[in-house]
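2 protein chains.
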Amino acid sequence: MTTPLTPGATIGILGGGQLGRMLSVAASRLGFKTHIFEPGATPPAADVAHHVTTAGYDDHEALRAFAEAVDVITYEFENIPTEALDLLETLRPIHPNRDALRISQDRLTEKTFLNDLGLATAPFADVSDKESLATALDTIGAPSILKTRRFGYDGKGQARIMTPDEADAALADMQGAPAVLEGFVNFTCEISVIAARSIDGRVAAFDPGENVHRDGILHTTTLPAKVPSRLLTDAVLAAGKILNALNYVGVLGVEFFVTPTGLIINEIAPRVHNSGHWTQNGCAIDQFEQHIRAVAGWPLGDGKRHSDVVMENLIGFDMDRLPELMADPANALHLYGKADTKAGRKMGHVNRIVKQN
Amino acid sequence: MTTPLTPGATIGILGGGQLGRMLSVAASRLGFKTHIFEPGATPPAADVAHHVTTAGYDDHEALRAFAEAVDVITYEFENIPTEALDLLETLRPIHPNRDALRISQDRLTEKTFLNDLGLATAPFADVSDKESLATALDTIGAPSILKTRRFGYDGKGQARIMTPDEADAALADMQGAPAVLEGFVNFTCEISVIAARSIDGRVAAFDPGENVHRDGILHTTTLPAKVPSRLLTDAVLAAGKILNALNYVGVLGVEFFVTPTGLIINEIAPRVHNSGHWTQNGCAIDQFEQHIRAVAGWPLGDGKRHSDVVMENLIGFDMDRLPELMADPANALHLYGKADTKAGRKMGHVNRIVKQN
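Chains A and B are the protein sequences, given in the same order.
Residues in the first sequence are numbered from 3 upward in steps of one, following this note's numbering.
Residues in the second sequence are numbered from 3 upward in steps of one, following this note's numbering.
(1) Is there at least one Cβ from chain A nearer than 9 Å to Thr84 of chain B's Cβ?
(2) Please confirm whether Met3 of chain B has its beta-carbon closer than 9 Å to some beta-carbon of chain A.
(3) With respect to the beta strand (DSSP E) encompassing Phe79 of chain B, which residues constitute its N-terminal and C-terminal limits?
(4) Nearest to Leu254 of chain A by alpha carbon, out of A:Ala67, A:His37, A:Tyr77?
(5) Taking any Cβ of chain A, which residues in the segment 188-203 of chain B have a Cβ under 7 Å from it, in chain order?
(6) For Val205 of chain A, decide whether its Cβ has a neighbour in chain B, counting only Cβ atoms nearer than 9 Å.
(7) Pick from B:Ile244, B:Tyr250, B:Glu184, B:Phe259: whose alpha carbon is nearest that of Thr190 of chain B?
(8) From B:Leu16, B:Arg23, B:Gly18, B:Leu65, pick the residue whose C-alpha is nearest to that of Glu291 of chain B; which is it?
(9) Which residues, taken in chain order from the segment 333-346 of chain B, show a beta carbon closer than 7 Å to some beta carbon of chain A?
(10) Any beta carbon from chain B within less than 9 Å of Leu225 of chain A's own beta carbon?
(11) For Ala197 of chain A, name the three-state secondary structure that DSSP assigns.
(12) If you measure between the beta carbons of Met321 of chain B and His351 of chain B, is that distance less than 9 Å?
(13) Please state whether the Cβ-Cβ distance between Leu87 of chain B and Ala298 of chain B is less than 9 Å.
(14) Are the CB atoms of Arg152 of chain A and Arg216 of chain A within a distance shorter than 9 Å?
(15) Decide if Arg354 of chain A is buried, meaning its Cβ has at least 16 other Cβ atoms within 10 Å, or exposed.
(16) Please name the residues in the segment 281-303 of chain A whose beta-carbon is closer than 7 Å to at least one beta-carbon of chain B, in chain order.
(17) Give me the Cα-Cα distance between Thr235 of chain B and Asp310 of chain B, rounded to the nearest whole angstrom.
(18) Smallest Cα separation from Cys285 of chain A: which of A:Gly278, A:Ser106, A:Arg307, A:Pro210?
(19) Could you give the distance in angstroms between the alpha-carbon of Leu324 of chain B and the alpha-carbon of Arg295 of chain A?
(20) Out of B:Leu93, B:Val129, B:Ser26, state which residue places its alpha-carbon closest to the alpha-carbon of Phe34 of chain B.
(21) Please check if any C-beta of chain A sits within less than 9 Å of the C-beta of Ala8 of chain B.
(22) Out of A:Ile96, A:Phe39, A:Phe79, A:Asp49, point me to the one whose CA is closest to Phe68 of chain A's CA.
(23) Any idea if Ala365 of chain A is buried or exposed, counting beta-carbon neighbours within 10 angstroms, 16 or more meaning buried?
(24) Any beta-carbon of chain A closer than 9 Å to the one on Asp140 of chain B?
(25) To the nearest angstrom, how far is it from the Cα of Lys228 of chain B to the Cα of Ala271 of chain B?
(26) Going along the chain, which unbroken runs of the beta strand (DSSP E) with 3 or more residues stay wholly within the segment 290-339 of chain B?
(27) How big is the Cα-Cα spacing for Ile196 of chain B and Val72 of chain B?
(28) At which residues does the beta strand (DSSP E) containing Ser130 of chain B begin and terminate?
(29) At which residues does the beta strand (DSSP E) containing Phe39 of chain B begin and terminate?
(30) With a threshold of 9 Å between beta-carbons, can Gly318 of chain A be considered close to chain B, or not?
(31) CB-CB under 8 Å to Thr261 of chain B, same chain, minus the five flanking residues each way: which ones, in chain order?
(32) Between the C-alpha atoms of Ser30 of chain B and Gln358 of chain B, what's the straight-line distance to the nearest angstrom?
(33) If Pro369 of chain A and Gly14 of chain A are in contact, beta carbons under 8 Å, what's the gap, nearest whole angstrom?
(34) Measure the C-alpha to C-alpha separation of Ala341 of chain B and Ala48 of chain A and round it to an integer number of angstroms.
(35) Counting pairs of beta carbons, one from the segment 128-139 of chain B and one from the segment 178-186 of chain B, are three or more of them closer than 8 Å?
(36) Starting from the Cα of Asp175 of chain A, find the closest Cα among A:Asp167, A:Pro166, A:Thr150 and give me that residue.
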């Protein structure tokens with residue numbers, strides 16, 4: 003695909019959660035239809051999508067019909083089964099590409115890729131069993147953290163090893179899955195960059211935000227980050243390096259630890275990212291539209307920040323605060339329309355506009 | 003309805019055009035579903051609505067099913083048949099209310115209502131036939147303009163009378179419809195106010211914009227308007243007076259002529275308005291969300307302007323400029339996903355961000 007998709011075209015999106023929902027809204031702004039592929043019933047994205055296919059990733063007939071009904075395929079999450087992608091890519095372009103998925107799906111591959119680019123990560127070692135964990139602990143030491151190589155998000159699939167005698171319990175937590183041991187990083191804060199690359203290779207980045215987590219889930223992202231501007235520039239340059247190395251098309255999220263010796267990359271996500279939700283009320287073009295522009299072959303939009311924003315995730319019973327949140331004129335609310343409030347479930351977020359620049 | 007609708011509730015929208023489309027997007031942001039009622043096939047709003055009923059306004063069964071499936075009813079256009087409203091209002095609340103519709107549907111009723119509130123309009127007179135037109139011309143003189151009392155928009159149903167001998171031709175243009183003769187107003191420019199009123203009677207207004215028309219259709223809205231601030235205040239106060247007099251709930255558009263002797267109201271529209279599209283890129287809460295907030299019983303949001311914006315409508319083959327429009331980073335595009343480009347058809351708009359304040 004070298005010419006931009008024209009209004010009326012259909013963007014296929016794998017995954018129908020809140021990211022798919024907000025991607026659908028952005029696509030509609032540019033005159034596109036969206037078609038969601040999602041195994042679960044009544045996904046949040048269905049409320050604003052032109053079409054929804056409810057089927058599993060092993061349903062080749064449904065995958066084929068989905069691909070044939072759309073002009074380009076993108077996704078809201080990285081853990082898409084390989085066989086499904088093998089089929090889909092024979093039928094339509096997939097952005098971001100398979101390399102980006104392959105690398106970001108596996109913590110070991112990802113960290114190796116980043117180190118090969120000259121980008122710093124926490125020290126790490128491959129762990130497949132008791133013996134390799136013992137060897138890894140010898141090199142990396144404790145405290146450290148054991149993580150499954152795949153399918154980890156929001157703190158799931160992780161076990162801390164404070165002292166070597168906790169190694170067996172941590173390994174048991176992995177439930178036999180291949181894992182990676184990561185050394186603890188002594189960081190002062192976490193920042194992230196949401197950056198985008200267009201089909202013709204242009205790169206644009208939103209201002210880096212400062213992230214605070216609670217219980218392993220993103221709690222707030224604050225703009226501007228209170229971090230020396232030299233480090234913010236380093237973060238943007240690192241994101242650009244990754245985008246170019248992957249010949250990437252779309253939006254990428256990169257999380258960094260800020261340490262006394264510089265930045266260390268925590269992880270990358272080949273998609274729109276929770277820590278980029280502030281762009282909806284801080285920029286003329288938000289991360290969702292930027293992603294749609296890129297995968298549709300459009301030029302990227304202007305991501306300049308016009309406001310200072312604090313994004314706060316509304317998790318589970320944070321929704322009880324809705325009456326107070328809706329009444330405060332500094333708040334821009336973004337709710338996902340999920341039917342049931344559950345502890346730990348991302349129900350929405352609020353962008354608090356602190357100052358208009 | 004006195005308690006705010008909670009996320010997951012459904013907003014029913016009469017009309018599936020671009021205004022319904024952008025209202026649906028705003029509703030999704032607050033966690034609501036939308037259900038569109040629209041006689042035409044494949045309306046623009048269908049791409050982003052949870053549900054669409056395709057039926058005529060004389061289909062009482064469809065109207066009843068629609069009303070029973072939603073929590074509150076609103077609309078994107080004012081010319082809804084009275085019988086349909088009579089049925090719908092027995093089943094669900096309709097915002098804005100019937101008075102607002104009754105008054106804005108009829109130019110004669112509207113001007114009488116405004117004069118009764120002490121708000122200036124062009125001189126006008128009721129015209130039903132040759133004799134009443136002659137009498138009206140005696141009072142108002144020429145040049146003047148004959149307009150159908152109902153169903154006029156974007157310059158349709160209007161005929162100029164430059165000299166009295168054009169009276170017969172102008173009357174013929176009305177095709178027998180009741181009409182109103184309006185005196186020409188010597189104005190320097192047109193401004194409009196988009197204002198909102200919540201269920202508990204609070205009023206908020208966006209900054210007035212300056213409008214330029216071409217061929218009877220809105221061409222641009224520019225913020226800020228280059229008009230003395232005293233007049234901008236007058237405009238906002240007039241809008242507030244109208245909202246309160248109507249016990250109005252939702253967003254109202256009011257168009258004013260700026261004249262050497264002050265403001266004259268051109269017309270009011272009981273809905274989101276083309277001249278309010280700039281708010282999508284000029285404010286944290288745009289006119290569409292403000293309307294949804296009001297009809298859902300929520301408190302109004304902050305409509306403070308953070309940027310100077312020029313909104314330009316993309317009409318018909320303006321769409322040929324898309325490659326250049328999408329490439330300019332100052333432009334925020336909003337396309338309606340209409341399948342066929344036709345001369346005179348509103349295809350989208352572009353908000354050009356001139357300066358961030």
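Where a beta carbon is used, it is the ideal one built from N, C-alpha and C, also for glycine.
This structure is a prediction, so every number in the text was calculated from the model and none was measured.
Well, looking at it:
(1) For Thr84 of chain B, the answer is no, since every Cβ of chain A falls outside 9 Å of its Cβ.
(2) With a pLDDT of only 48 at Met3 of chain B, under the threshold of 50, the placement of this residue in the model should not be trusted; the figure read from the coordinates follows. At a cut-off of 9 Å between beta-carbon atoms, Met3 of chain B makes no contact with chain A.
(3) Here Phe79 of chain B belongs to no beta strand (DSSP E), and DSSP marks it neither H nor E.
(4) Measuring from the Cα of Leu254 of chain A, the nearest candidate turns out to be A:Tyr77.
(5) Cβ contacts with chain A: none found.
(6) It does not; no Cβ of chain B falls within 9 Å.
(7) The shortest C-alpha to C-alpha distance from Thr190 of chain B to any of B:Ile244, B:Tyr250, B:Glu184, B:Phe259 is the one to B:Phe259.
(8) By alpha-carbon distance to Glu291 of chain B, the top candidate from B:Leu16, B:Arg23, B:Gly18, B:Leu65 is B:Arg23.
(9) Those would be Ala334, Leu335, His336, Leu337, Tyr338, Gly339, Ala341, in chain order.
(10) Look at Leu225 of chain A: its C-beta is not under 9 Å from any C-beta on chain B.
(11) The answer is strand: DSSP assigns Ala197 of chain A an E or B state.
(12) Here Met321 of chain B is not near His351 of chain B, since their CB atoms are 9 Å or more apart.
(13) Between Leu87 of chain B and Ala298 of chain B, the gap from beta carbon to beta carbon reaches 9 Å or more.
(14) Taking 9 Å as the Cβ cut-off, Arg216 of chain A and Arg152 of chain A do not qualify as a contacting pair.
(15) Flag for Arg354 of chain A reads buried.
(16) Using a CB distance below 7 Å, the part of the segment 281-303 of chain A facing chain B consists of Asn283, Ala286, Ile287, Trp300, Pro301, Gly303, ordered along the chain.
(17) About 18 Å.
(18) It is A:Arg307 whose Cα lies nearest to the Cα of Cys285 of chain A.
(19) Cα to Cα, Leu324 of chain B sits roughly 13 Å from Arg295 of chain A.
(20) Among B:Leu93, B:Val129, B:Ser26, the Cα nearest to that of Phe34 of chain B belongs to B:Ser26.
(21) Residue 8 of chain B is actually Thr in this sequence, not Ala. Yes - at least one Cβ of chain A is within 9 Å of the one on Thr8 of chain B.
(22) Closest by alpha carbon: A:Phe39.
(23) Within the shown structure, residues of chain A are numbered from 3 to 359, placing residue 365 of chain A beyond reach of any answer.
(24) No - not a single Cβ of chain A is within 9 Å of the one on Asp140 of chain B.
(25) Near 23 Å, if we compare the C-alpha coordinates of Ala271 of chain B and Lys228 of chain B.
(26) DSSP runs (the beta strand (DSSP E)) wholly in the segment 290-339 of chain B: 309-317, 333-337.
(27) Answer to the nearest angstrom: the Cα atoms are 26 Å apart.
(28) Segment: none, Ser130 of chain B is in no beta strand (DSSP E) and carries neither H nor E.
(29) DSSP places Phe39 of chain B inside the beta strand (DSSP E), whose first and last residues are 35-40.
(30) So no, Gly318 of chain A is outside the interface.
(31) Result list for Thr261 of chain B: Val187, Asn188, Phe189, Thr190, in chain order.
(32) Each residue's alpha carbon lies about 27 Å from the other.
(33) Outside the shown range of chain A (3 to 359) lies residue 369 of chain A, about which nothing can therefore be said.
(34) Distance between the alpha carbons of Ala341 of chain B and Ala48 of chain A is about 22 Å.
(35) Between the segment 128-139 of chain B and the segment 178-186 of chain B there are three or more inter-stretch CB-CB distances shorter than 8 Å, so the stretches are counted as touching.
(36) Closest by alpha carbon: A:Thr150.
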